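>
Numbering (the numbering used here), first residue to last: 6 to 275.
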């Protein structure tokens, strides 16, 4: 198929294979990321460094190295996408945060309590790539990645000082790029977004006004309008993207054979 064609830029739900011939590995990676969707992506390569470069650079929620990219097993490969493959306030199916999104959590009262529990989450899970399955033939990691674009936070005059303190602390502590804007400025922002002058990874809507969800979704931006909660194990993951990485650890049945790409967590710099 032709680069930048409809077949290249759209997501298919069917047994259709489109092939593009790239002049080099870097170009192929860029072509993958040019798609507005980011559900699953895979690579077949015997070069460990090539696999590592791909894992570090690809924009998708579920990654597969030297294996098929369909038929995810949600216990060891929690499932859910990035970009236009993720809509609303959600978490990966089969992952550690899925059940927590199905209940309403008490709103924030103390930013100090949030800070304490958020750091507990960070030290126990947030900064690690964790293989919960422990299989010999396949390595299945779950990790958290930063958004590549700024998170837009919408507030109003009812936003408390504790909420503001929590947002600023999350931004500073976890190096999350955040832009705080009053809800009355949203009309102008939407015009700039529509004209491609601005782009955001997601919107965290904390204003009591109704969010223009349809307008944001039309631009490929998901909206999370849940209030900030005091439980850091619930709140902190909402500022990151979950990613599952499955790496085959055998070659023709020989366990441990084949490439062995390392997987540093994207947040291990802190």
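Glycine is no exception: its CB is placed at the ideal position from the N, C-alpha and C atoms. Everything numeric in this text was worked out from a predicted model, so none of it was measured.
Do residue 208 and residue 252 count as a contact pair if the criterion is CB distance below 8 Å?
In the chain shown, the residue the question calls residue 252 occupies position 247. In the chain shown, the residue the question calls residue 208 occupies position 203. No, the pair does not count as a contact, with Cβ atoms beyond the cut-off.
> Can you confirm whether the region 23-32 touches the region 231-246 when touching is taken to mean that 3 or more C-beta pairs between the two stretches lie within less than 8 Å?
They do not touch, by the three-pair rule.
> Could you please give the first and the last residue of the uninterrupted alpha helix (DSSP H) stretch that includes residue 126?
Within the chain shown, the letter at position 121 stands for residue 126. Run containing residue 126: 116-126, per the alpha helix (DSSP H) assignment.
> Nearest-angstrom Cα distance between residue 277 and residue 124?
Because the chain spans 6 through 275 in this model, residue 277 falls outside it and cannot be assessed.
> In angstroms, rounded to a whole number, what distance separates the CA positions of residue 75 and residue 233?
In the chain shown, residue 75 corresponds to position 70, counting from 1. In the chain shown, residue 233 corresponds to position 228, counting from 1. Approximately 35 Å between the Cα atoms of the pair.
> Could you have a look at residue 191 and say whether DSSP puts it in helix, strand or coil?
The residue labelled residue 191 in the question sits at position 186 within the chain shown. If DSSP states are grouped into helix, strand and coil, residue 191 belongs with the helices.
> Using alpha carbons as the reference points, say which of 174, 65, 201, 248 lies closest to residue 38.
Taking the chain shown and counting its residues from 1, one reaches residue 38 at position 33. Selected option, being the one with the closest Cα: 65.
> Determine, using beta carbons only, whether residue 43 comes closer than 8 Å to chain B.
Note that chain B does not occur in the displayed structure, where there is just one protein chain.
> If we call anything under 8 Å between Cβ atoms a contact, is residue 36 one with residue 79?
Position 31 of the chain shown, counted from the start, is the residue given in the question as residue 36. Position 74 of the chain shown, counted from the start, is the residue given in the question as residue 79. No.
> Report buried or exposed for residue 97, applying the criterion of at least 16 other Cβ atoms within 10 angstroms of its Cβ.
For the purposes of this step, residue 97 is taken as residue 92 along the chain shown, with counting starting at 1. Per the 10 Å Cβ criterion, buried.
> Are the beta-carbon atoms belonging to residue 245 and residue 151 less than 8 Å from one another?
Walking along the chain shown from the start, residue 245 turns up at place 240. Walking along the chain shown from the start, residue 151 turns up at place 146. Against a cut-off of 8 Å, the Cβ pair of residue 151 and residue 245 comes out as a contact.
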